[in-house]
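**Student:**
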Amino acid sequence: MTLIVETGTGSATSESYCSVADADTRATALGTTAWTGDDATKEAALRRATGYMEQQFRNRWKGTRLYRDQALSWPRYGACVDGFDVLSTVVPDEVRDACADLAVRALTADLNADLTRGIVREKIGPLETEYDRYSPQQARYPAVDQMLAAFLKGGAMCAMLVRA
Numbered sequence: 227m228t229l230i231v232e233t234g235t236g237s238a239t240s241e242s243y244c245s246v247a248d249a250d251t252r253a254t255a256l257g258t259t260a261w262t263g264d265d266a267t268k269e270a271a272l273r274r275a276t277g278y279m280e281q282q283f284r285n286r287w288k289g290t291r292l293y294r295d296q297a298l299s300w301p302r303y304g305a306c307v308d309g310f311d312v313l314s315t316v317v318p319d320e321v322r323d324a325c326a327d328l329a330v331r332a333l334t335a336d337l338n339a340d341l342t343r344g345i346v347r348e349k350i351g352p353l354e355t356e357y358d359r360y361s362p363q364q365a366r367y368p369a370v371d372q373m374l375a376a377f378l379k380g381g382a383m384c385a386m387l388v389r390a
């Protein structure tokens, strides 16, 4: 099945923010050797990466989806980055690149793995395990978060201050 890439049209059938060719180009530019496999394998990884991005960021993007029936969160209107409007007819390069980077990880790992906790202490007889209640429970991808930060709304405790 051919991968349907969102190009900024707001397609109702898009499956990915990034094409295999764009992901190949990025992997080569970054010297990433883990981006291997046939096109079908890479397309599946790009679909999983896009799905992860939709789950993690869908309600956090700046602006509003362009069309009610578009499959993915981009394109958007009303998104402003560094004081400039993001064109409503494009998927930003950072979004495409984040998808490519996550797809590399998706080749070898589940991006949405079941939640786990770190173990603080184990005792073998009679079997006792103590879990760290503060340990991260879900995989995080800080490089992707940083790449997309300018396109995301601030946290719940953020607000713009205007001096009177």
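Counted the way the working numbering counts, the sequence shown spans residues 227 to 390. C-beta: ideal position from N, C-alpha, C; glycine also.
1) Quick one: is residue 366 buried, meaning 16 or more other Cβ sit within 10 Å of its Cβ, or exposed?
2) How would you write the range of the alpha helix (DSSP H) that residue 377 sits in, first residue to last?
3) My understanding is that residue 290 touches residue 274, with C-beta atoms under 8 Å, so please give their C-beta distance in whole angstroms.
4) Exposed or buried, which one is residue 298 when buried takes at least 16 other CB atoms within 10 Å?
5) For residue 271 versus residue 337, is the C-beta spacing smaller than 7 Å?
6) Among 370, 277, 232, 234, which one has its Cα closest to the Cα of residue 324?
7) Do you know offhand how far residue 276's Cα is from residue 241's?
8) Please determine, among 263, 287, 228, 255, the residue with the shortest C-alpha to C-alpha distance to residue 321.
9) Pull up the distance between the alpha-carbon of residue 228 and that of residue 280, whole angstroms please.
10) My guess is that residue 376 and residue 316 are in contact by the Cβ rule of under 8 Å, so how many angstroms apart are they, rounded?
**Tutor:** Let me lay it out:
1) exposed
2) Residue 377 -> no alpha helix (DSSP H), and no H or E assigned at all.
3) Not really, about 26 Å apart at Cβ, beyond 8 Å.
4) buried
5) no
6) 370
7) 7 Å
8) 287
9) 20 Å
10) That belief does not hold up - the Cβ atoms of residue 376 and residue 316 are roughly 15 Å apart, past 8 Å.
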